[in-house]
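Trainee: Just dropping this structure here.
Residue numbers (my numbering), protein chains in the order written: chain A, 7 to 157; chain B, 779 to 923.
Below is the structure:
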């Protein structure tokens, strides 16, 4: 049995509200080498199908909470991103205000060839100022004793 | 380069998505870390990364996700990424010679929305795949033009 704070499972936490600027979107797009004008050029994007500048799907990664709810798992010296399931419902645009809400949905253990691992699954929704959920990201974090190798 | 529009009718199961070369450098990783306000030192500080048991800094896993997303946009302008699901099975490190790849595995026509399911992955020069998963992509239809 893994030792952790079971009461936290399923509880919703508001991680914060973030204002989106055109510069943030362009900065992210440039950092990953995007060349599509819908992510970079507001003038060109206005004439296209998106009707204006939009953020690339993985832009959600710019929203960082100071602190994530901690299930206080008593195992592992180091934590890594094990996987991600993202659903994109609507684009994020400059001027949007995005609110992040997160829940820990599962904590489980597994033994692989490099030893025991504990997985923490977090589901985060991204809601805009109109109350629309624009994205959902389920992230699986793995806690291990060492970062030397990955499964 | 952003590609030309690809229509649902023109895509067949088994089609390959145009691969995207992804050779991360320290500068590219630093730019991603900055754009995303990431403060974790394993992406910027070699000594700290080594203290965790790694050989040196690694790239944030989501940077790989962003490149897979870009591969799809570059291949099919006008497409909309609906879902992206990946497992991180290995680290992405500066100096790696990587290629984002994808393959169309299913086609679905549902009402007005036509989508394809793709296997997507990032492969290194040895054929290992540090990032692998699937994507759902909505494509425009010729018939609705």
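The C-beta atom is built at its ideal place from N, Cα and C for all residues, glycine as well. Remember, predicted model here, so these are calculated numbers, not experimental data.
Ignoring anything shorter than 4 residues or poking outside the region 43-72 of chain A, list the alpha helix (DSSP H) runs there in chain order.
Mentor: As far as the region 43-72 of chain A is concerned, its whole alpha helix (DSSP H) runs of at least 4 residues are 43-46 and 48-53.
Trainee: Roughly how many angstroms separate the alpha carbons of residue 806(B) and residue 812(B), rounded to a whole number?
Mentor: Distance between the alpha carbons of residue 806(B) and residue 812(B): 10 Å.
Trainee: Give the straight-line distance between the Cα atoms of residue 129(A) and residue 843(B), rounded to the nearest whole angstrom.
Mentor: Distance between the alpha carbons of residue 129(A) and residue 843(B): 17 Å.
Trainee: Three-state secondary structure (DSSP) at residue 779(B)?
Mentor: Confidence at residue 779(B) is low in this model, with a pLDDT of 44, below 50, so the placement of that residue should be treated as unreliable; the coordinate-derived value is given next. In the structure shown, residue 779(B) sits in coil (DSSP, three-state: anything other than H, G, I, E or B).
Trainee: Which stretch, first to last residue, makes up the beta strand (DSSP E) that contains residue 110(A)?
Mentor: Note, residue 110(A): beta strand (DSSP E), 103-118.
Trainee: By a C-beta neighbour count over all protein chains shown, 10 Å radius and 16 as the cutoff for buried, is residue 923(B) buried or exposed?
Mentor: For residue 923(B), the pLDDT reaches just 49, beneath the cut-off of 50, and the residue's location in the model is therefore unreliable, although a value from the coordinates is still provided. Exposed, since its Cβ has fewer than 16 Cβ neighbours within 10 Å.
Trainee: Look at residue 893(B) and residue 916(B) and say whether their C-beta atoms are less than 7 Å apart.
Mentor: Cβ distance < 7 Å, so residue 893(B) and residue 916(B) count as in contact.
Trainee: Going along the chain, which residues of its own chain have a beta-carbon closer than 7 Å to the beta-carbon of residue 739(B), five neighbours each way excluded?
Mentor: Lying outside 779 to 923, the shown extent of chain B, residue 739(B) is not represented and no answer is given.
Trainee: Is it right to say residue 104(A) is buried, meaning 16 or more other beta carbons lie within 10 angstroms of its own, or is it exposed?
Mentor: Answer is buried; the Cβ neighbour count reaches 16.
Trainee: With distances taken between CB atoms, is the gap from residue 918(B) to residue 870(B) smaller than 7 Å?
Mentor: No, the pair does not count as a contact, with Cβ atoms beyond the cut-off.
Trainee: By alpha-carbon positions, which one of 831(B), 889(B), 850(B) and 830(B) ends up nearest to residue 899(B)?
Mentor: For the residues 831(B), 889(B), 850(B) and 830(B), the minimum Cα distance to residue 899(B) belongs to 850(B).
Trainee: Give the range of the beta strand (DSSP E) segment to which residue 87(A) is assigned.
Mentor: Residue 87(A) -> beta strand (DSSP E) spans 84-94.
Trainee: Going by Cα to Cα distance, which pick from 24(A), 149(A), 141(A) and 11(A) is closest to residue 81(A)?
Mentor: Checked all of 24(A), 149(A), 141(A) and 11(A); the closest Cα to residue 81(A) is 149(A).
Trainee: Who does residue 878(B) pair with in a DSSP beta bridge?
Mentor: BP columns for residue 878(B) point to 798(B) and 900(B).
Trainee: Among 147(A), 18(A) and 13(A), which one has its Cα closest to the Cα of residue 86(A)?
Mentor: Per the Cα distances, 147(A).
Trainee: So if I threshold CB-CB distances at 7 Å, which residues from the region 887-918 of chain B count as touching chain A?
Mentor: Flagged: no residues at all.
Trainee: For residue 840(B), would you say it is in contact with chain A, using Cβ-to-Cβ distances shorter than 7 Å as the test?
Mentor: Interface residue, yes.
Trainee: Should residue 859(B) go down as buried or exposed, given a rule of 16 or more other Cβ atoms within 10 Å for buried?
Mentor: So residue 859(B) counts as buried.
Trainee: Which of the residues in the region 846-873 of chain B, read from start to end, lie with their CB under 7 Å from any CB of chain A?
Mentor: Listed by position, the residues of the region 846-873 of chain B near chain A (Cβ gap below 7 Å) are 847, 848, 851, 855, 856, 859, 860, 861, 862, 863, 864, 865, 866, 867, 868 and 869.
Trainee: Taking CB distances under 7 Å as the criterion, tell me whether residue 721(B) reaches chain A.
Mentor: Examination of residue 721(B) is not possible in this model, given that chain B is present from 779 through 923 alone.
Trainee: Quick one, which of 884(B), 848(B) and 895(B) has its alpha-carbon nearest residue 43(A)'s?
Mentor: Selected option, being the one with the closest Cα: 848(B).
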